[in-house]
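Remarks on the structure that follows.
Number of protein chains: 2
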Amino acid sequence: MATAGIAIIGDEILSGKFVEENAAFLIGELRALGVDLRRIVVIPDDKTDIAQTVRELASRFDHVFTSGGVGPTHDDVTIAAIAEAFGMAVVRHPELEARVRAYWGARLTEPNLRLADIPAGAHLVYGKDQVWPVVAVENVYILPGVPGLFRRKFVDIRDRFRTEPVTIARVYIDADEGFIADDLDHVVAAHPGVKIGSYPRFSEKDFKVLVTLEGRAAGEVASAFAVLVERLGGRVVRSEPPAST
Amino acid sequence: MATAGIAIIGDEILSGKFVEENAAFLIGELRALGVDLRRIVVIPDDKTDIAQTVRELASRFDHVFTSGGVGPTHDDVTIAAIAEAFGMAVVRHPELEARVRAYWGARLTEPNLRLADIPAGAHLVYGKDQVWPVVAVENVYILPGVPGLFRRKFVDIRDRFRTEPVTIARVYIDADEGFIADDLDHVVAAHPGVKIGSYPRFSEKDFKVLVTLEGRAAGEVASAFAVLVERLGGRVVRSEPPAST
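Protein chains in written order, with the working numbering: chain A, -9 to 235; chain B, -9 to 235.
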């Protein structure tokens, strides 16, 4: 099993100028890849904050994805911050510089070249796009904040993160949480490898609580599901048996 | 100026079972109240992780809001975690216990009473709702994860957080970021009290970059706005002069 953390970098999200789309997208992608997402942090365009946050995420999780702060303007400080996080200098990468020069041609300005500046110990990760790679430092993948670009670049390299899928079952229950808590406690205690979530809903017509059971051992999920459905009896409105996500 | 942090607690968000709605809602609310949101953290239903995260947010920001993990089932560990974060015991609050008993009447089960268990040093924050207060520990406001309840409870107490509004101006530009970076650097250096953001967009018909200028000193925002529009000249497609948000 692989774990992941996400750092969304951008004043524009915290101040509500733009709605967050990249973590929302990555949640679904990582789930489909079988990767356990453990933390999302949304922080301002602040070099110290970015450096501390990325360092902490990189030490705790297998993969870290950052979004934002990689353009040519004054508020793009992610590259410098991640270099600082890993004690690296920022250097102009010759291969990237050549590509930036080729792309802009005669219209090139000095700020455009900042796109070729990366941490000295970074590596370039290529997917099908053989021109613009993803820049990564150790286990940290640096992605742009513009949603269309973020998605395209992640999709291009996502296959390298694929791991065992998660199996999930769902039980929809017509009883308040307080009346099923003891049954849940029983199933939780007997199935340590199954993660069981209980979610009250107040606006659904036919159920009051959704219980999810999930894990990577499909047999144990199936067993926990069977025991729970049996214990709850008539309180179960409907259920979805274990399936791979 | 007041600052804030948000902790969204819930496996169901990180695994994509439910779309995050509460931080998304609070971003707009805090902005309208003039509160500077500095950090959003989404974490699992893990007691240690919650305790560490809340402790850190509480020490860094004026106000902290948590979402989720406050029901009667095994996966509701927020109260115990926040008590741990502040070195407090969890106690059954007599006033809340009386309300829980009155609400459930003869149908009461032992798990329902967990709703009356709060950290020993918590205080109850009342808005117009004189029956169900918000439970707070120092500067941490503990809110439920169900979106309808979260919104209702925050709105009920929000007036206590109101502070000076932010002034914002917007400039829409038909040029790539690399061609305005030097102009932005100039305006940034001359207006240290104004936060300037540059946001490239690739799917808009009539502009390539949105630049925002914001701050609490309306005069300085107006001055920075005037200088930037003047410098950019014909590259400005349209602009929105300083206004309070």
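We put the beta carbon where it would ideally sit given N, CA and C, even for glycine.
Can you give the beta carbon distance from residue i to residue j, rounded, assuming they're within the 8 Å contact cut?
| i | j | result |
| --- | --- | --- |
| Phe55(A) | Ala(-6)(A) | 7 Å |
| Val136(B) | Pro190(A) | 6 Å |
| Arg221(B) | His176(B) | 7 Å |
| Thr43(A) | Ala(-3)(A) | 5 Å |
| Arg21(A) | Gly6(B) | 5 Å |
| Ile186(B) | Asp65(A) | 7 Å |
| Thr99(A) | Phe169(B) | 6 Å |
Taking just the CA atoms, how far does residue j sit from residue i?
| i | j | result |
| --- | --- | --- |
| Asp52(A) | Ala126(A) | 13 Å |
| Ala180(B) | Thr63(A) | 16 Å |
| Ile132(A) | Thr235(B) | 32 Å |
| Asp39(A) | Arg91(A) | 32 Å |
| Phe140(B) | Pro134(B) | 5 Å |
| Thr153(A) | Asp26(A) | 10 Å |
| Ile30(A) | Met78(B) | 27 Å |
| Val130(B) | Gly18(B) | 19 Å |
| Ile108(B) | Val115(B) | 13 Å |
| Phe151(A) | Ile33(B) | 21 Å |
| Leu23(B) | Val156(B) | 9 Å |
| Gly46(B) | Phe76(B) | First, the residue type needs correcting, since residue 46(B) is Glu and not Gly in the sequence shown. Each residue's Cα considered, the two are about 11 Å apart. |
| Ala48(A) | Ser213(B) | 41 Å |
| Glu204(A) | Val184(A) | 5 Å |
Closer than 7 Å by beta-carbon distance: list the chain A residues that pair up with residue i, in chain order.
| i | result |
| --- | --- |
| Asp196(B) | Within chain A, no residue comes near Asp196(B); the closest Cβ sits about 17 Å away, beyond 7 Å. |
| Arg21(B) | Ser5 and Gly6 |
| Thr202(B) | Lys7 |
| Thr99(B) | Gly168 and Phe169 |
So residue i contacts chain B; which residues on that side make the cut at Cβ distance below 9 Å?
| i | result |
| --- | --- |
| Phe151(A) | Within 9 Å Cβ-Cβ: nothing; Phe151(A) doesn't reach chain B, min ~15 Å. |
| Ile72(A) | What Ile72(A) touches in chain B: nothing, since even the nearest Cβ is about 18 Å away. |
Does any C-beta atom of chain A lie closer than 9 Å to the C-beta of residue i?
| i | result |
| --- | --- |
| Phe169(B) | yes |
| Arg104(B) | yes |
| Val145(B) | no |
| Arg191(B) | yes |
| Val136(B) | yes |
| Asp241(B) | Outside the displayed range of chain B (-9 to 235) lies residue 241(B), so it cannot be described from this structure. |
| Ala14(B) | yes |
| Val156(B) | yes |
Starting from the beta carbon of residue i, find every residue of chain B whose beta carbon is closer than 8 Å, and list them in chain order.
| i | result |
| --- | --- |
| His64(A) | Ala171, Leu174, Asp175, Val178, Ile186 and Ser188 |
Which residues in chain A have a C-beta closer than 8 Å to the C-beta of residue i? List them in chain order.
| i | result |
| --- | --- |
| Ile17(B) | Ile3, Leu4, Ser5 and Gly6 |
| Leu246(B) | The question about residue 246(B) has no answer, for chain B in this structure spans -9 to 235. |
| Pro61(B) | Looking at the sequence provided, one finds Gly at residue 61(B) rather than Pro. Result: Glu167, Ser188 and Pro190. |
Within 9 Å of any Cβ in chain B, is that where the Cβ of residue i sits?
| i | result |
| --- | --- |
| Trp94(A) | yes |
| Glu10(A) | yes |
| Val219(A) | no |
| Leu86(A) | no |
| Asp52(A) | no |
| Leu139(A) | yes |
| Val130(A) | no |
Shorter than 9 Å from the beta carbon of residue i to some beta carbon of chain C?
| i | result |
| --- | --- |
| Ile33(A) | Of the protein chains in the structure, A and B, none is chain C. |
Quick one: which chain A residues come within Cβ less than 9 Å of residue i?
| i | result |
| --- | --- |
| Ile30(B) | Ile(-2), Ile3, Leu4, Glu10, Ile30, Val31, Val32 and Ile33 |
| request: Evaluate contact between the stretch 192 to 207 of chain A and the stretch 155 to 174 of chain A, counting only Cβ atoms and requiring at least three cross-stretch pairs below 8 Å. | output: yes
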